[in-house]
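Numbering (the numbering used here), first residue to last: 384 to 483.
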(Lines of atoms letter the chains of each structure in order from A and count residues from 1; the text may use other names and numbers.)
(Lines give C-alpha, C1' and ligand atoms only; values in the text may rest on other atoms or scores of the structure.)
Protein backbone atom coordinates (compact mmCIF):
# COMPACT_ATOMS: atom_id res chain seq x y z
CA UNK A 1 0.00 0.00 0.00
CA UNK A 2 1.23 3.45 -0.86
CA UNK A 3 2.05 5.37 2.32
CA UNK A 4 0.21 8.55 1.22
CA UNK A 5 -3.12 6.81 0.73
CA UNK A 6 -5.46 5.18 3.18
CA UNK A 7 -7.77 2.78 1.39
CA UNK A 8 -10.99 1.68 2.99
CA UNK A 9 -13.00 -1.12 1.48
CA UNK A 10 -16.26 -0.77 3.31
CA UNK A 11 -19.38 -2.51 2.16
CA UNK A 12 -22.85 -2.67 3.65
CA UNK A 13 -23.18 -3.85 7.25
CA UNK A 14 -23.04 -7.62 7.74
CA UNK A 15 -26.69 -7.65 8.89
CA UNK A 16 -27.94 -5.50 5.96
CA UNK A 17 -31.31 -6.64 4.60
CA UNK A 18 -32.61 -5.06 1.37
CA UNK A 19 -36.32 -4.22 1.33
CA UNK A 20 -38.67 -4.25 -1.69
CA UNK A 21 -40.41 -0.97 -0.86
CA UNK A 22 -39.78 2.57 0.39
CA UNK A 23 -39.41 3.10 4.11
CA UNK A 24 -39.66 6.83 4.83
CA UNK A 25 -38.44 8.38 8.05
CA UNK A 26 -40.88 9.99 10.47
CA UNK A 27 -42.31 13.18 8.98
CA UNK A 28 -41.53 12.31 5.33
CA UNK A 29 -44.64 12.14 3.14
CA UNK A 30 -44.63 9.66 0.25
CA UNK A 31 -47.49 10.36 -2.17
CA UNK A 32 -48.94 7.64 -4.39
CA UNK A 33 -47.87 9.60 -7.46
CA UNK A 34 -44.94 11.92 -7.87
CA UNK A 35 -45.85 15.60 -7.40
CA UNK A 36 -42.92 16.57 -9.65
CA UNK A 37 -41.32 14.37 -12.24
CA UNK A 38 -42.23 12.59 -15.44
CA UNK A 39 -43.76 9.44 -16.81
CA UNK A 40 -41.85 7.89 -19.70
CA UNK A 41 -43.96 5.68 -21.91
CA UNK A 42 -43.15 4.36 -25.33
CA UNK A 43 -45.73 6.28 -27.37
CA UNK A 44 -45.75 5.60 -31.10
CA UNK A 45 -47.79 8.73 -31.92
CA UNK A 46 -45.40 10.91 -29.90
CA UNK A 47 -42.49 9.13 -31.58
CA UNK A 48 -43.81 10.11 -35.04
CA UNK A 49 -44.34 13.73 -33.94
CA UNK A 50 -40.94 14.19 -32.29
CA UNK A 51 -38.69 12.29 -34.65
CA UNK A 52 -35.89 14.49 -35.98
CA UNK A 53 -32.13 14.47 -36.31
CA UNK A 54 -31.59 16.23 -32.98
CA UNK A 55 -34.15 14.23 -30.95
CA UNK A 56 -34.18 10.47 -30.99
CA UNK A 57 -37.52 9.35 -29.49
CA UNK A 58 -36.17 6.06 -28.15
CA UNK A 59 -33.38 7.66 -26.12
CA UNK A 60 -33.72 7.23 -22.36
CA UNK A 61 -34.62 10.46 -20.53
CA UNK A 62 -31.17 10.86 -19.02
CA UNK A 63 -29.51 10.70 -22.45
CA UNK A 64 -31.97 13.16 -23.97
CA UNK A 65 -32.25 15.51 -20.99
CA UNK A 66 -30.77 18.59 -22.66
CA UNK A 67 -32.71 18.42 -25.91
CA UNK A 68 -36.18 17.08 -25.17
CA UNK A 69 -36.48 15.36 -21.80
CA UNK A 70 -39.43 13.08 -21.23
CA UNK A 71 -40.61 15.43 -18.47
CA UNK A 72 -41.20 18.17 -21.03
CA UNK A 73 -42.95 15.87 -23.50
CA UNK A 74 -45.12 14.45 -20.70
CA UNK A 75 -46.14 17.94 -19.59
CA UNK A 76 -44.53 17.47 -16.15
CA UNK A 77 -42.04 19.53 -14.19
CA UNK A 78 -38.42 18.46 -13.88
CA UNK A 79 -37.66 17.93 -10.15
CA UNK A 80 -34.48 20.04 -10.34
CA UNK A 81 -34.04 23.72 -11.16
CA UNK A 82 -31.53 25.18 -13.62
CA UNK A 83 -28.96 25.37 -10.80
CA UNK A 84 -29.25 21.57 -10.32
CA UNK A 85 -31.00 22.01 -6.97
CA UNK A 86 -34.16 20.20 -5.93
CA UNK A 87 -37.39 22.00 -6.75
CA UNK A 88 -39.62 19.60 -4.79
CA UNK A 89 -40.97 20.89 -1.47
CA UNK A 90 -39.09 19.95 1.70
CA UNK A 91 -40.28 16.62 3.07
CA UNK A 92 -41.46 15.24 -0.28
CA UNK A 93 -39.84 12.33 -2.05
CA UNK A 94 -38.25 12.80 -5.47
CA UNK A 95 -39.12 10.13 -7.98
CA UNK A 96 -37.09 9.80 -11.11
CA UNK A 97 -38.67 8.70 -14.38
CA UNK A 98 -39.64 5.28 -13.04
CA UNK A 99 -41.94 6.31 -10.19
CA UNK A 100 -44.92 4.33 -11.46
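Just so you know, even glycine gets a beta-carbon here, dropped at the ideal spot from N, CA and C. Given the structure is predicted, the values throughout are model-derived calculations rather than measurements.
Assigned with DSSP and collapsed to three states, residue 469 falls in strand.
When beta bridges are read from the DSSP output, residue 405 appears opposite no residue.
In the same chain as residue 407, and ignoring 5 residues on each side of it, the C-beta atoms closer than 6 Å to its own belong to 413, in chain order.
Each residue's CA atom was taken as its position, placing residue 471 and residue 411 some 13 Å apart.
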